[in-house]
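This report concerns only the one structure given below.
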Amino acid sequence: MNAERRRLPAGGRIDRGRRLRFSFDGRELTGCGGDTLASALLANGVTLTGRSFKYHRPRGIQGAGFEEPATLVQLEGADDATNLPVTRVALHDGLVARSVNCWPSASFDLGGVAQRFSALLPAGFYYKTFMWPNWHWYEPFIRRAAGLGRAPRDARKLRYETRFDHCDVLVVGAGPAGLMAALAAGASGARVLLVDDDHSPGGRLLGDNAIIDGAPAATWVDGAVARLDAMDNVLRLADATAWAYHEHNLVLVTERSPEGPVFQRTRRVRARRVVLATGAIERPLVFDNNDLPGVMLASAVRVYVNRYAVRPGDRAVVFTNNDSAYATALDLLTAGADVAAVVDVRSAAPGALTERVRRAGIDVLAGAQVTTAHGGRRLAGVLLSPPGGVSQRIDCDLLCVSGGWNPAVHLFSQARGELRFDAVSSAFVPGDSAQANACAGSSNGTSGLADCLHEGSEAGMRAARDAGFDGSVLEVPPVKDDGPAAPLEPCWHVETPAGNGKAFVDIQNDVTLQDLELARREGYGAVEHVKRYTTAGMGVDQGKTGNVNVIGALAQRAGESLETVGTTTFRPPYVPVEFGAIAGQRPGPEYLPYRHTPMTGWHKAHGAVMYEAGARWRRPGYYPQPGETFQQAVNRESEAVREAVGMYDGSPLGKFEIKGRDAVALLELVYTNNWHNLAVGTGRYGLMLTDTGLILDDGVTFRLGGHRYLMSTSTANAGEIYRHLEQILQVERPGWQVLVTPVTAQWANATVCGPLARDVLTATGTDIDLDAADFPFMHMREGQVAGLPARVYRVSFTGELSFEVNVPARHGLALWEALMAAGEPFGITPVGSEASHVLRVEKGFLSLGHEVDGTADPCDLGLGWVMSRRKPDFIGKRAVDIRRNRGGPRRELVGLLPENHAELMIEGAPITPGGRKCASEGFVSACVWSVVRRRTVALGLLRNGRARIGEWVHVRMLDRVVRAQVTQPVFHDPEGRWLRG
Amino acid sequence: MLLIPCPWCGARDEKEFENGGPARVPRPDPTAMTDEAWVDYLLIRPSHPGALRERWWHVHGCGQWFELWRDTVTHDFLDAPDER
Chain A
0 MNAERRRLPA
10 GGRIDRGRRL
20 RFSFDGRELT
30 GCGGDTLASA
40 LLANGVTLTG
50 RSFKYHRPRG
60 IQGAGFEEPA
70 TLVQLEGADD
80 ATNLPVTRVA
90 LHDGLVARSV
100 NCWPSASFDL
110 GGVAQRFSAL
120 LPAGFYYKTF
130 MWPNWHWYEP
140 FIRRAAGLGR
150 APRDARKLRY
160 ETRFDHCDVL
170 VVGAGPAGLM
180 AALAAGASGA
190 RVLLVDDDHS
200 PGGRLLGDNA
210 IIDGAPAATW
220 VDGAVARLDA
230 MDNVLRLADA
240 TAWAYHEHNL
250 VLVTERSPEG
260 PVFQRTRRVR
270 ARRVVLATGA
280 IERPLVFDNN
290 DLPGVMLASA
300 VRVYVNRYAV
310 RPGDRAVVFT
320 NNDSAYATAL
330 DLLTAGADVA
340 AVVDVRSAAP
350 GALTERVRRA
360 GIDVLAGAQV
370 TTAHGGRRLA
380 GVLLSPPGGV
390 SQRIDCDLLC
400 VSGGWNPAVH
410 LFSQARGELR
420 FDAVSSAFVP
430 GDSAQANACA
440 GSSNGTSGLA
450 DCLHEGSEAG
460 MRAARDAGFD
470 GSVLEVPPVK
480 DDGPAAPLEP
490 CWHVETPAGN
500 GKAFVDIQND
510 VTLQDLELAR
520 REGYGAVEHV
530 KRYTTAGMGV
540 DQGKTGNVNV
550 IGALAQRAGE
560 SLETVGTTTF
570 RPPYVPVEFG
580 AIAGQRPGPE
590 YLPYRHTPMT
600 GWHKAHGAVM
610 YEAGARWRRP
620 GYYPQPGETF
630 QQAVNRESEA
640 VREAVGMYDG
650 SPLGKFEIKG
660 RDAVALLELV
670 YTNNWHNLAV
680 GTGRYGLMLT
690 DTGLILDDGV
700 TFRLGGHRYL
710 MSTSTANAGE
720 IYRHLEQILQ
730 VERPGWQVLV
740 TPVTAQWANA
750 TVCGPLARDV
760 LTATGTDIDL
770 DAADFPFMHM
780 REGQVAGLPA
790 RVYRVSFTGE
800 LSFEVNVPAR
810 HGLALWEALM
820 AAGEPFGITP
830 VGSEASHVLR
840 VEKGFLSLGH
850 EVDGTADPCD
860 LGLGWVMSRR
870 KPDFIGKRAV
880 DIRRNRGGPR
890 RELVGLLPEN
900 HAELMIEGAP
910 ITPGGRKCAS
920 EGFVSACVWS
930 VVRRRTVALG
940 LLRNGRARIG
950 EWVHVRMLDR
960 VVRAQVTQPV
970 FHDPEGRWLR
980 G
Chain B
0 MLLIPCPWCG
10 ARDEKEFENG
20 GPARVPRPDP
30 TAMTDEAWVD
40 YLLIRPSHPG
50 ALRERWWHVH
60 GCGQWFELWR
70 DTVTHDFLDA
80 PDER
């Protein structure tokens, strides 16, 4: 086979000396250094490169950049990635690519049978057909038949990275305007970041053969880039797309091929000023079969000829409504193609251009239109309708279309800039900026090269000045210009005779003119509705080429202006971005590290299964012994605490030291009970509410000294409580003298609990008198434990005799090991959070996230006794009072005993009247196997629960209904004899 | 992602802050209010397009609570009304 038979012998910005082998749909092909997959395929004469999304129609390559609507590819092997526009895949040796949405290949596609039934697949077909009983039943099958590529099979081992970046001036786009803007801003000394989509800078100058400063534009581009790269204050990124523009000039830029070991990097750039030089995207023209392989954007054809030295066809027709496509005809001629005709919609074709093209031997048909493209798997000819004449067919294998230019206003509009419709260019152009940015060049609707350079220079200078630098306008090099362009004649679609053909407004999503008409007939008139109903513009390409034609067609049908119809909302991302590039290093614990207590190593060495205890703390869940099941381990640990002695690592518990003259006033405000009478060295249980009267947190606070307190909070809630306290002190009571210091991680805590706890502490060696009379419940002592300075608190969350031994964190492990050694003769058992959970449920103690679910108030949970009647006010008091005075049933804390003693009810299971499938009257908040009751016990919240003790209720499990008896919410030692012992 | 002008640290990324909701009058004395007035105080928050006085906590910075005026439509931070 004739390799690269469409490659031109000379010219282009490719490296003919570097041959690259690649495979496409199983065919082995070659390309050159500097090729994209698209240019290499065209060089090899591969024109059928894909099948369409819905109808599986043959598709080719239409564009040359991210606007490409027709061909998406899947990369295989090490490059595994999907839905990439073929035009933006850089060729490398060994690349393996397939077209998406066809099987086994684009040229022999079994799904193509869908074309025969296309009349059955109008817009909204899926919604209408697969409604009953449930769309979600059908979705997986439809997705497989219609979808795009498949997601990469394995999580990438590649390194993604995100980072913050800052600059004075961000210039988006390195075309003529962007380069001038970067040069002007750079010359002022401002910190400039210049980002560009493409591997090579130059923008449109890469594709046209403009003359700047008497030399080919490429020479000027190389010079400008060399100057920029020589500036220390300018950073230039290639193959990097700015794809999102957020508030306060935050622009997200993803580098697809950064230097170094990083695979892709996203920069979150905060720029003082932004210059948007994003260029313009050519509009296609809409006629029957405008999707055939061989129909291409005129500007893309120029890019293939001039940049990649590829002749995409041998016999071409150019179909246009404006001047720009005339240059395509001349370039094709130079490349050795035969150009059969330029078909110009305008009845008055532009004089000078027409003359030049005619002199070159090309026929210009003014006032004519291409109505239909003919061909099977690729273009074979076009049908013309000259004004008033008879239809005429021209054979050709390439049709270059140009329907005008849409400024790439996506980022400008994301930044909430206003768009207006410009009647001269028939396009939406930037209006007023809403942020510190400006558009320059063709993204601003400017067409001539000289004007683009000027605008760029001006925008760069202004941006530098606005950022506080002394910018000045740079001299713009002289360019050879064709003079002012003749106005274009808008052509949103060709009026086609009713036939079998399809005229596509959105090539990627297979949306036709007929679909727009159907949507309108069915009442979807507004452009946002049309978009969603027909899916026009909702493809991977986001309708970069098609959207304005859709708006034009809607405007025509409604007899309105395009401005009135308006655009759909421009949303990020401007181009497809990989999730990895957005997440960066975030998925792993490297980003948000776990917090470990000083005893973590010991726990792991002793077989602990580690849980996350909230606020990123890791804590032992249970310590299974060899051959033990989960339940056996939890029972053994729980029994040890009830019958002998256990020890758990309580270090993660939130701790705050509160000091200052007004510390007690703060406690009186945030807690529901009284604090003014708390003696030094004693502690008290406290309940904290929100001002809406719901429980925020609970815990014990000790008075360490005159104005010094130590507050403990739930592990997971420590951050929230800190916010709560700081907000009160800074916002509500700025005059108070109180300092709150988080000390959670400063203290390690080993809690010894069980009937033998006192014996263990005595054996460990301590100078604290542990006798119950001298050291009662809810008291604290400072002294030595195992030779370490310690604070010992008598608090109990298990219901047993309990000593919380706190030492500075650095002594935590030594304390733990000393207690384990001294406790061995007593059978001391390390206890995890599972056993703690069992013990607290047996005692009916509350737990945040279980009983305290953000809707419960103190009275609901039987905590009315913690509410001070003496205090006129504390946070939440008035709201609780109002709620209580209103009456009405509340869900109240109760115990539940399932009829079957071994039944473990799921936490969260609803309680309903009679177990029927109806509104619930409560739920199970916790259910455990109780080691003291030798059966399962549960806590729950039940409507009017306290009045229903003894009743039987019905708990709905996933597959059955369980009967349970309502009891008091305490299953062990209701008088609290043990914990005070 | 906003760029928030912390009065103590200067302009910093929104990630460093927690929003404290619309700023309000200091918490009134609940014993001096009717039930209705108290419920309104608890539950009714200003929510309108345009200038809004808000509280922010610079939790990953100086740790200070402060108030700012923000246009809820444009996200622009504004001078306080008496300075405008």
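In order, the protein sequences belong to chains A and B. Reminder that position 624 of the first sequence reads as 623 in numbering that gives the first Met the number 0, one-by-one numbering, no gaps. Reminder that position 80 of the second sequence reads as 79 in numbering that gives the first Met the number 0, one-by-one numbering, no gaps. Ideal placement from N, C-alpha and C gives every residue a C-beta, glycine not left out. Given the structure is predicted, the values throughout are model-derived calculations rather than measurements.
Ranked by how close their Cα comes to the Cα of residue 244 (chain A), the residues A:95, A:969 and A:274 have A:274 in first place. Under the three-pair Cβ rule at 8 Å, the segment 808-818 of chain A does not count as touching the segment 909-924 of chain A. For the segment 4-31 of chain B, the set of residues with a beta-carbon nearer than 8 Å to any beta-carbon of chain A comprises 12, 17, 19, 25, 26, 28, 29 and 30, in chain order.
For residue 59 (chain B), not one C-beta of chain A is nearer than 8 Å to its own C-beta. Between residue 419 (chain A) and residue 430 (chain A) a beta carbon distance of about 4 Å is seen, short of the 8 Å cut, so the two are scored as contacting.
From the beta-carbon of residue 54 (chain B), the residues of chain A found nearer than 9 Å are 726 and 730. Contact annotation: the segment 83-96 of chain A touches the segment 62-72 of chain A, with at least three C-beta pairs closer than 8 Å.
Per DSSP, residue 451 (chain A) is one residue of the alpha helix (DSSP H) stretching across 448-465. Non-local beta-carbon contacts of residue 503 (chain A) in its own chain, meaning distances under 6 Å to residues more than five positions away in sequence, involve 289, 290 and 511 in chain order. DSSP, reduced to helix, strand and coil, places residue 266 (chain A) within a strand of the structure shown.
Residues of chain B whose Cβ lies closer than 8 Å to the Cβ of residue 723 (chain A) do not exist, since the nearest Cβ in that chain is about 11 Å away.
A contact is defined here as three or more CB-CB pairs under 8 Å, and the segment 269-288 of chain A meets this definition with respect to the segment 397-414 of chain A. Shown here for residue 535 (chain A): same chain residues with a beta carbon closer than 8 Å to its own, the five before and five after excluded, namely 504, 505, 508, 510, 514, 515, 529, 542, 545, 546 and 549 in chain order. For residue 885 (chain A), the uninterrupted alpha helix (DSSP H) run begins and ends at 876-885, by DSSP. Here the alpha carbons of residue 943 (chain A) and residue 756 (chain A) stand approximately 39 Å from one another. With respect to the 8 Å criterion, residue 443 (chain A) and residue 454 (chain A) are classified as neighbours on the basis of their beta carbons. It is roughly 18 Å from the alpha-carbon of residue 726 (chain A) to the alpha-carbon of residue 13 (chain B).
A direct Cα-Cα distance of roughly 6 Å separates residue 164 (chain A) from residue 267 (chain A). Beta-carbon to beta-carbon, residue 826 (chain A) and residue 576 (chain A) are separated by about 59 Å, too far to satisfy the 8 Å threshold. Interface flag for residue 581 (chain A) against chain B is unset, since no Cβ pair is found closer than 8 Å. Excluding its 5 nearest sequence neighbours in each direction, residue 304 (chain A) has C-beta neighbours in its own chain below 7 Å: 310, 330, 331 and 334, listed in chain order. 8 Å or more divides the Cβ of residue 232 (chain A) from the Cβ of residue 148 (chain A). Apart from sequence neighbours up to five positions away, the residues of its chain that approach residue 714 (chain A) with a beta-carbon distance below 7 Å are 612, 613, 614, 616, 651, 652 and 653, ordered along the chain.
Rounded to whole angstroms, the gap between the alpha carbons of residue 202 (chain A) and residue 35 (chain A) is 15 Å. If you compare the alpha carbons of A:408, A:415, A:435 and A:19 with that of residue 426 (chain A), the shortest gap goes to A:408. The contact set of residue 433 (chain A) on chain B, defined by CB atoms closer than 7 Å, consists of 73 in chain order. Proximity of chain A to residue 62 (chain B) at the Cβ level (cut-off 8 Å) is accounted for by 725, in chain order.
In the structure shown, residue 721 (chain A) falls within a helical segment according to DSSP collapsed to helix, strand and coil. Going by C-alpha positions, residue 858 (chain A) is about 51 Å away from residue 160 (chain A).
Counting the other CB atoms within 10 Å of its CB gives residue 948 (chain A) a total below 16, which places it among the exposed residues. A straight-line Cα-Cα distance of about 11 Å links residue 347 (chain A) and residue 367 (chain A).
Any Cβ of chain B closer than 8 Å to the Cβ of residue 571 (chain A) would place that residue at the interface, and such an atom is absent. When beta bridges are read from the DSSP output, residue 616 (chain A) appears opposite A:594 and A:613. For the segment 859-874 of chain A, residues whose beta-carbon sits nearer than 8 Å to a beta-carbon of chain B comprise 871 and 872. For residue 8 (chain A), the secondary structure class from DSSP, reduced to helix, strand or coil, is coil. For residue 629 (chain A), the three-state secondary structure derived from DSSP is helix.
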